[in-house]
Amino acid sequence: MLSDPQRYVYSAVNERPPLVFPNGERIAVFIVPNVEYLEYMPPPNPVRPPYQRPAPDIAAFQNRDYGNRVAVWRLFELFDQLGIRATASMNVAVFEHFPQIAEAMAKRDWDYQSHGIYNTRFVLGMDEAEEAEMIHTVNEICKKATGKYLSGWLGPSLTANLATCDLLAAEGIKYCADMFHDDEPTEFIVKSGKLISLPYSVEINSGVALGGQGQTPASFARMIKDQFDVLYAEGATRPKVMAVCLHPYAVTSPSRVKYLRDAIEHIQSHSGVWLTTAGDIADWYYASTFGKRYPVLEAANA
Amino acid sequence: MPGLAPAYNDRNINPSTRMDHNLYAFSIIRDRAPVTWPNSARVALAVVINVDFGDLIPEGGSAAAIPLREWSHRDYGARVGIFRLMQILDDLDIKATVPINDAVLKRSPAVVSQALDRGWELAGHGAKANMAISSAMSEEAEWAYITSSYAAIKRETGVAPRGWLGPAMTESSRTPFMLAKAGFDYTLDWGNDDQPYDFLAPEGKLTALPYSPDTSDAVYIGAANHTAWEFEDQLKDHFDTIYAEGASTGMTMTLGLQAHVSGQPFRSKYIRSFLEYTRTKADVWYATGSEVVDAYRAENH
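Protein sequence lines, in the order shown, are assigned to chains H and R. Counting in this note's numbering, the first sequence runs from 1 upward without gaps. Counting in this note's numbering, the second sequence runs from 1001 upward without gaps.
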């Protein structure tokens, strides 16, 4: 039995010193399109099958393929119109299959969070040496394709191992997005180096809301706006961080793009919002706050 | 289970298709030459109505729990639902394409005769709703399955089918090239684009007429449990975007219906309402699957 991965200390949200953003904003928002590739005929993984149906699962495959052929281009146009610099969560094989997508992101100076190589290649079943090599390979693929290293990590299809945080810190990755325990950045306990958590979301997430939950596009836009409104109100006294987790095939398909526009315009209509990338939030956190906020953690790390 | 994961680094990128398969080539919609439809229409809208039949107790199945409810609900499509949708489409002067299980051809001949009377198109849809293609099928069994559907439609109607939609949205990795070899011209199995594109079949020629999951009642109502009015909203939103983008290049939209689902009285009024909405717009080309594919091939490719 293992009841706790021992990666962070307990800290009640209302007992911490409030975050102080660069210009005194109430909320930092980062927008994360997950740009994915599911292999047509992936090799089996002993822990979890790559697809729910036997391969080729053309229904799942073609969703992501629609994203790369059509929807991500609609998303670039929308974000250009709205002035959004995004944090792309990448199955980095996409950069190698389709260098045009890497070029389009690099041209816009996006920020990158890894989502592994393929969404059909999980870290489940990897030993530490192999996972460390995979993390390094992914980081180098990103650098080669876009000119920038990854700022953060989200496991492929949200898979992780117990040692993953240590391996990420060793690679110099700034944040891990695989845990959902807070509305603010927190600090992970790692063997060496530093690693923080940024609050990614399995709620404000088009893969979840529009996928398994079967929400309508209008409901998903309302969820984004409601999440923002509550965090924005709370942010008057305790500034918050919010992720908007998207999948182009799901949010910029023809029937959905107008709802995403509506949700982002709602966020942009407020003052006191730091609409930025995950990498910029992580850099700000390390420069201003790291090690000063969680006394118990400092003691644990000492 | 450390050390048991498949090798992480064996990426399989086909240099000509850029995909991890050789079925069709990657292509970015914004980089393509404009597609031109007849009369410079912005949108080619293909209404597709599936008419299905499934065995009450499949071969080897158990008779312990007789699924009369599901069986008879599906059979509603061939007795009632299809004719309600025919009336709506007649009123709006729209022709549909009907993927039809082989079993429906003989069991429900009025579906065939009334569809053909209207100049509608029948498309292959496999033997029965409960008999889907899978990777577990042998190549010989899959070939027999596909060619039997082709032959059955040709035999019952005198006209060979040109389109295909597999039951339950399933394929093996052989299916697209096999469809081309069997004589099919287009497939509705793939919803990964908003314009037609060609497969790279070595024998025959197969074009994808993208059948979006977003505009399919099987997905939006069947799997995602949305209401009929939410489906209408979704269809209008989808259409509006495609219509706007169609100002610079011809786009396609399929309306994917099942006769036993969208042919239900309460749902049918939202289908009518959506189609009436599209009728208020100029530059919409209502076409059968074959008409779209022929125009795509003739004018563009």
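C-beta atoms are modelled at their ideal positions from N, C-alpha and C, and glycine is treated no differently. Predicted model only: the values in this text are computed from it and were never measured.
Note that the segment 103 to 120 of chain H touches the segment 131 to 150 of chain H; at least 3 beta-carbon pairs, one per stretch, sit closer than 8 angstroms.
The segment 6 to 22 of chain H makes contact with the segment 285 to 296 of chain H, as at least three CB pairs between them are under 8 angstroms. Burial is judged here by how many other beta carbons sit within 10 angstroms of a residue's own beta carbon; Arg1107(R) has fewer than 16 and is exposed. Within the same chain, Gln1195, Thr1249, Gly1250 and Asn1300 come within 6 angstroms of Val1035(R) by CB-CB distance, once the 5 residues on both sides are set aside. In the DSSP assignment, Ala1096(R) falls within the unbroken beta strand (DSSP E) covering Ala1096 to Ile1100. Below 8 angstroms, too few C-beta pairs join the segment 161 to 168 of chain H and the segment 207 to 226 of chain H to call them touching: fewer than three.
Per DSSP, reduced to three states, the secondary structure at Met1086(R) is helical. Close partners of Trp1190(R) in chain H (Cβ separation under 8 angstroms): Ile58 and Gln62. Exposed is the label assigned to Thr237(H), since fewer than 16 other Cβ atoms lie within 10 Å of its Cβ. Looking at the DSSP output, Leu1045(R) bridges to Met1253(R) and Tyr1286(R). In the assembly as shown, Glu1142(R) is a buried residue. Its beta-carbon has 16 or more other beta-carbons within 10 Å. Only residues of its own chain outside the window of five on either side were considered, and among them Ile204 have a CB closer than 6 angstroms to the CB of Gln227(H), listed in chain order. Taking every protein chain shown into account, the CB of Lys174(H) has 16 or more other CB atoms within 10 angstroms, so this residue is buried. Using a CB distance below 8 angstroms, the part of the segment 205 to 232 of chain H facing chain R consists of Gly214, Thr216, Pro217 and Ala218, ordered along the chain. Cβ neighbours of Leu1179(R) within its own chain (closer than 7 angstroms, five residues either side excluded): Ile1146, Trp1164, Thr1187 and Leu1206. The beta-carbon separation of Ala145(H) and Phe95(H), rounded to 4 angstroms, stays under the 8 angstroms limit for a contact.
Exposure of Arg1069(R) is indicated by the presence of fewer than 16 other C-beta atoms within 10 angstroms of its C-beta. Put simply, the CB of Ser253(H) is near chain R, with a gap under 9 angstroms to one of its CB atoms. Here Cys176(H) is bridged, per DSSP, to Trp153(H) and Ser197(H). Counting only the Cα atoms, Ala1046(R) lies some 6 angstroms from Leu1255(R). Annotated three-state conformation of Trp274(H) is strand, per DSSP. Bounds of any alpha helix (DSSP H) do not take in Pro1196(R), whose DSSP letter is neither H nor E.
Identification of residues in the segment 1131 to 1154 of chain R having a C-beta nearer than 9 angstroms to some C-beta of chain H yields Ser1134, Ser1135 and Ala1136, given in sequence order. Taking 9 angstroms as the cut-off, the beta carbon of Ile27(H) is found no closer than this to the beta carbon of Met223(H).
Burial is judged here by how many other beta carbons sit within 10 angstroms of a residue's own beta carbon; Ile1094(R) has at least 16 and is buried.
Under the DSSP definition of a beta bridge, Trp1164(R) partners with Gly1124(R) and Thr1187(R). Asp111(H) is bridged by DSSP to Thr87(H). Distance from Thr1097(R) to Thr1278(R) at the Cβ level is roughly 16 angstroms; contact not present, criterion being Cβ atoms closer than 8 angstroms.
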